[in-house]
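Accompanying notes for the structure given below.
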């Protein structure tokens, strides 16, 4: 049994993680939050206390940490006696934090794939470029490392596993549909770190089609779906983390990721890209200053965490799965709908942060209970789906199923 959680990061997702850890601190034990900006950590702690989120009385500690410094991270893990590390900092930190966890023998959880600052949309499979190089070491050292356990990647991986186990004999395609039908009232903003957000869309779009990697450009391939609650939405084929692991682990010939975008977002994005403002390569100003255009854009856009108070509307994220069952063709949509205002009322965060932040805490609880303490490096679809989805059902992200029988809450016993 593992206890005591170290949260690395202090953005909107980290705030949700902190609130949810606090709500289950009777099982998870002591909570520490670390970031380069200790004042952000303290603000999260203040929010947790103001909301009365702690299930049992306890202190939450804040620490200043540069998580790229492996030795400093190892020292903090030991100082806080943490046995579970939830990494919700920048994707640039993953390999450093993973290294610290392997060296100290503690469980590692993250919500997104590792990225290198100077590289965008590397050749698939992305996990194979970094994380999976440590598969053997984690196995040998009995280290639990759960990769990509946010919502997408994360919950949608578990939906894919559930579909394979419960609803299909053979799966022909998995289309992951991610819709944010909410409104933040700003002229332009991203729902998570602008730098990471834009990097997803400026390179090649890789999808798994006919059992091979297929490349497209962003906004080249479009579909329109009529989805529960959020209605008719335009979605675009996008490269994404979970495609790289599901294609490897579930032996499905077609795995694609689709995200909704409004015309306004597409127009602003296109202008920024065409002007070179989304480049990660340094340029010099007329005054001789060296700047990275993408980092300048990030600096002038609203902090995603600041969007929460005025955010309205809902998200709808799920897996549209097609295949056969008992020799007959079948189509099933396994999904969740989340509400921005409800997320803010509970955690002072908007719905995108909520959907990303609740799942790693559910995973941490399963690690603490021994159900997901795998003793090796895994992606979410390699773990039992039912305990994870059951935990999410009671933690604020219930699963629904839409098929030939109708639209209904998922029932593990059905």
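In the working numbering, the protein residues as written are -2 to 411. Where is the CB? At the ideal position from N, CA and C, for every residue including glycine. Just so you know, these numbers come straight off a predicted model, no measurement behind them.
- Assigned with DSSP and collapsed to three states, residue 151 falls in strand.
- In this structure, the alpha-carbon of residue 53 lies about 21 Å from that of residue 82.
- In the three-state reduction of the DSSP assignment, residue 118 falls in the coil class, being assigned neither a helical nor a strand state.
- Annotation: residue 278 to residue 298 spans about 19 Å, alpha carbon to alpha carbon.
- By the beta-carbon neighbour count (other beta carbons within 10 angstroms, threshold 16), residue 327 is buried.
- For residue 301 against residue 8, the beta-carbon gap comes to about 7 Å, under 8 Å, which counts as contact.
- Between residue 182 and residue 307, the C-beta gap is smaller than 7 Å, which places the two residues in contact.
- A distance below 8 Å between beta-carbons, with the five flanking residues on each side excluded, links residue 34 to the following residues of its chain, in chain order: 7, 61.
- Counting only the Cα atoms, residue 256 lies some 16 Å from residue 147.
- Secondary structure of residue 369 (DSSP, three-state): coil.
- Collapsing the DSSP output to three states places residue 289 in coil.
- As summarised for the region 308 to 373, the continuous alpha helix (DSSP H) elements at least 4 residues long and confined to that stretch are 337 to 344, 348 to 366, given in chain order.
- When rounded, the separation of the alpha-carbon atoms in residue 99 and residue 105 is 8 Å.
- Counting C-beta atoms within 10 angstroms of its own C-beta, residue 172 has 16 or more neighbours from the protein chains shown and is therefore classed as buried.
- Counting C-beta pairs with one atom in each stretch, the region 242 to 255 and the region 143 to 158 have three or more that are closer than 8 Å, which means they touch.
- A direct Cα-to-Cα measurement between residue 80 and residue 237 gives close to 29 Å.
- If you check the CB distance, residue 385 and residue 265 do not come in under 7 Å.
- Burial of residue 196 is indicated by the presence of at least 16 other C-beta atoms within 10 angstroms of its C-beta.
- For residue 56, the three-state secondary structure derived from DSSP is coil.
- With a threshold of 16 other beta carbon atoms within 10 Å, residue 286 falls short and is exposed.
- With respect to the C-alpha of residue 37, the residue from 11, 234, 347 having the closest C-alpha is 11.
- Residue 126 and residue 119 do touch by the CB rule: their CB atoms are close to 5 Å apart, below 8 Å.
- For residue 135, same chain residues with a beta-carbon under 7 Å away, outside a window of 5 residues either side, are 99, 142, 373, 374 in chain order.
- DSSP places residue 27 in no beta strand (DSSP E); its state is neither H nor E.
- Annotation for residue 226: 311, 313, 334 place their beta carbon closer than 7 Å to its own, counting only its chain and skipping 5 residues before and after.
- According to DSSP, residue pairing for residue 219 in a beta bridge involves 233.
- Under the three-state reduction of DSSP output, residue 168 falls in the strand class.
- For residue 123, the enclosing alpha helix (DSSP H) starts and ends at 123 to 126.
- Taken through DSSP and simplified to helix, strand or coil, residue 77 comes out as helix.
- With the rule of 3 Cβ pairs closer than 8 Å, the region 11 to 23 counts as touching the region 42 to 52.
- Around residue 101, the same chain offers 71, 74, 75 as residues with beta carbons nearer than 8 Å, after the five sequence neighbours per side are excluded.
- Straight across, the Cα-Cα distance linking residue 25 with residue -2 is about 10 Å.
- Taking each of 338, 193, 400, 211 in turn and checking the Cα distance to residue 332, the smallest one comes out for 400.
- Assigned with DSSP and collapsed to three states, residue 188 falls in coil, not helix or strand.
- Look at residue 256 here: in three-state DSSP terms it is strand.
- Look at residue 279 here: in three-state DSSP terms it is coil, with no helix or strand label.
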